[in-house]
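Encoded as structure tokens, the structure appears first; notes follow it.
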Amino acid sequence: MTNAQLIAGDPGWLIAVKALLVFVLCVLLTLMSVWGERRIVARMQQRLGPNRVGPFGLIQSLADGVKLALKEDLIPAAADKVVFIIAPIISATTCFMSFAVIPFTGEVSLFGKTTAMQLTDIPVGVLYILSIASIGVYGIVLAGWSSGSTYPLLGGLRSSAQVISYEIAMGLSLVAVFIYAGSMSTSEIVAAQDTWWYSVVLFPSFVIYAISMVGETNRAPFDLAEAEGELVGGFHTEYSSLKFALFFLAEYVNIIAVSALATTLFLGGYRALPGLGFTEQWLGGWFTMVWFFAKVILFFFLFVWLRGTLPRMRYDQFMQFGWKVLIPVSLAWILIVATLRVLSLNGAPKAATVAFASTVVLLVMLVNFGFENAKNKKKNAPHAEFEDPDFAIPQLPIKVSTINVSTGKKGDQ
Numbered sequence: 002m003t004n005a006q007l008i009a010g011d012p013g014w015l016i017a018v019k020a021l022l023v024f025v026l027c028v029l030l031t032l033m034s035v036w037g038e039r040r041i042v043a044r045m046q047q048r049l050g051p052n053r054v055g056p057f058g059l060i061q062s063l064a065d066g067v068k069l070a071l072k073e074d075l076i077p078a079a080a081d082k083v084v085f086i087i088a089p090i091i092s093a094t095t096c097f098m099s100f101a102v103i104p105f106t107g108e109v110s111l112f113g114k115t116t117a118m119q120l121t122d123i124p125v126g127v128l129y130i131l132s133i134a135s136i137g138v139y140g141i142v143l144a145g146w147s148s149g150s151t152y153p154l155l156g157g158l159r160s161s162a163q164v165i166s167y168e169i170a171m172g173l174s175l176v177a178v179f180i181y182a183g184s185m186s187t188s189e190i191v192a193a194q195d196t197w198w199y200s201v202v203l204f205p206s207f208v209i210y211a212i213s214m215v216g217e218t219n220r221a222p223f224d225l226a227e228a229e230g231e232l233v234g235g236f237h238t239e240y241s242s243l244k245f246a247l248f249f250l251a252e253y254v255n256i257i258a259v260s261a262l263a264t265t266l267f268l269g270g271y272r273a274l275p276g277l278g279f280t281e282q283w284l285g286g287w288f289t290m291v292w293f294f295a296k297v298i299l300f301f302f303l304f305v306w307l308r309g310t311l312p313r314m315r316y317d318q319f320m321q322f323g324w325k326v327l328i329p330v331s332l333a334w335i336l337i338v339a340t341l342r343v344l345s346l347n348g349a350p351k352a353a354t355v356a357f358a359s360t361v362v363l364l365v366m367l368v369n370f371g372f373e374n375a376k377n378k379k380k381n382a383p384h385a386e387f388e389d390p391d392f393a394i395p396q397l398p399i400k401v402s403t404i405n406v407s408t409g410k411k412g413d414q
């Protein structure tokens, strides 16, 4: 049975129990992610990291949450108070809503009911996640606008431009997945990867999505909306206490959400690694959740590795990379995938399909080679400002005066 058939007859109380379990899992995973990031980055920088509160510092994240809750809650005098309060709530709630269509397991038994660890399965589940992510941006934009301060406003504007740019690339990277799976349902996309994961079959789409999800979550090296050296704290500069904690929670839950979506669409979701399919029946099917979260943690480690390795990009470089590289490459890749899929479905011989793919790759390499040559010629060409001008430059009557520093008297001119 498919996940849609399994969860179709779930009673209301079972849906509520599953929603509570998903919420608790996400919060616990977020707390552990904060601790794990601090420990991993500390190891990269040859220091210890949090190691005081609890064994190995495991309760440090909980202690930080209590500390934030006990801090004074300040609201700037120039702020729009209603919007200022609503903005962090929007950011925190929307990131949790994405998990409603994520399948964590296949067929399992919960309180004597045969079901799947998924709240709902709609035919356009992936589009639902993208739309919810777009709504979450309003929290950041409204936070910057309602603060009544310059730095948060600039951070909010940067965030809106950043998300618009990289959501286009992210959406285009998923079109190839829809073409191959023939569906936008998350559970059906997982079922379509029973032989080959789409991270292998659609590797360019996987790379584009991985880059876009880092830009979507405002993480290094794309954390331009909260650049400390330029904008102090960015859009949440004026926030404190629990309101700041909500933004902090939303950032890490959003990281888990995009990692869970990447796992679902490109790494086979809750399915085991190739050759280990027999483990999917362990613990009555619940062991598939272990595979799912292992893949999510792998993506989270990628976020941490990027933060500890790469410096922040310049804003103009970041926007150029999104509009001039990711989006054109995504469009070209969609055309290639669509053509290959049509050839395959119409019974074209494999030799013709391979020949077409090889021709496209060769053309891309030639175009790239041409661009690189043009760039090198432009770089090595003499610049106009270093050439002799065609007009005479008049001599300016410059007088240089020397001053004796010790006496303060003017010297020779």
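In the numbering used here, the protein residues as written are 2 to 414. Note that CB positions come from ideal geometry on N, CA and C, so glycine has one too.
In the assembly as shown, MET214 is a buried residue. Its beta-carbon has 16 or more other beta-carbons within 10 Å. Out of TYR167, VAL343, PHE248, the CA that lies nearest to the CA of ILE212 is found in TYR167.
Pairwise C-beta distances place the segment 215-223 in contact with the segment 310-318, as three or more of them are shorter than 8 Å. Taking all protein chains shown into account, ASN255 has 16 or more neighbouring C-beta atoms within 10 Å of its C-beta and is therefore buried. Non-local C-beta neighbours of GLY145 in its own chain, meaning closer than 6 Å and more than five positions away in sequence, comprise PRO153, LEU154, GLY156, GLY157, PHE236, ordered along the chain.
As computed with DSSP, GLU108 is found in a beta bridge with ALA117.
Following the DSSP letters along the chain, one finds SER132 inside the alpha helix (DSSP H) bounded by residues 126-147.
Taking C-beta atoms under 8 Å as the contact rule, ILE190 and THR116 fail to qualify, at a distance of about 20 Å. Assignment of SER92 by DSSP, reduced to helix, strand and coil, places it in the helix class. A straight-line Cα-Cα distance of about 20 Å links ILE136 and GLY323.
Counting only residues of its own chain and dropping the five nearest sequence neighbours on each side, VAL109 has a CB closer than 7 Å to the CB of THR116, ALA117, MET118, GLY285, GLY286, TRP287. CA-CA distance, TRP14 to ALA5, rounds to 18 Å. In the DSSP annotation of this structure, the continuous segment of the alpha helix (DSSP H) that includes SER160 starts and ends at 151-182. The beta carbon of LEU344 sits closer than 8 Å to those of ALA353, THR354, PHE357, all from its chain and outside the five residues before and after it, given in chain order. Sixteen is the threshold: since fewer than 16 other Cβ atoms of the shown chains lie within 10 Å of the Cβ of GLN282, the residue is exposed.
The C-alpha of ILE130 is placed about 27 Å away from the C-alpha of THR340. In this chain, the alpha helix (DSSP H) harbouring GLN61 covers 61-71. In the DSSP assignment, SER206 falls within the unbroken alpha helix (DSSP H) covering 204-217.
Around MET171, the same chain offers LEU131, ILE209, TYR210, SER213, MET214, GLU217 as residues with beta carbons nearer than 8 Å, after the five sequence neighbours per side are excluded. The three-state secondary structure of SER242, taken from DSSP, is helix. One thing to note: THR121 has its Cβ within 8 Å of the Cβ of VAL102.
At a Cβ-Cβ threshold of 8 Å, VAL138 and LEU175 do not count as neighbours. Using a Cβ distance threshold of 8 Å, ALA134 and LEU247 do not count as a contacting pair.
Taking a cut-off of 8 Å on C-beta distances, the segment 266-274 touches the segment 288-301, as three or more cross pairs fall below it. CA-CA distance, LEU346 to SER62, rounds to 52 Å. Rounded to whole angstroms, the Cβ separation of LEU243 and LEU69 is 7 Å, and the two are in contact under 8 Å. By the neighbour-count criterion, in which a residue is buried when 16 or more other Cβ atoms sit within 10 angstroms of its Cβ, GLY10 is exposed.
Pairing SER148 with ALA251 gives a Cβ-Cβ distance that is not under 8 Å. The shortest C-alpha to C-alpha distance from ARG53 to any of GLN46, THR280, GLY348, TRP36 is the one to TRP36. Annotation for ASP317: the continuous alpha helix (DSSP H) segment containing it runs 316-322. At a Cβ-Cβ threshold of 8 Å, ALA182 and ALA193 count as neighbours. In the structure shown, LEU274 adopts coil according to DSSP, grouped into three states. LEU22 is the residue among LEU22, SER150, ALA349, THR238 whose C-alpha sits nearest the C-alpha of THR106.
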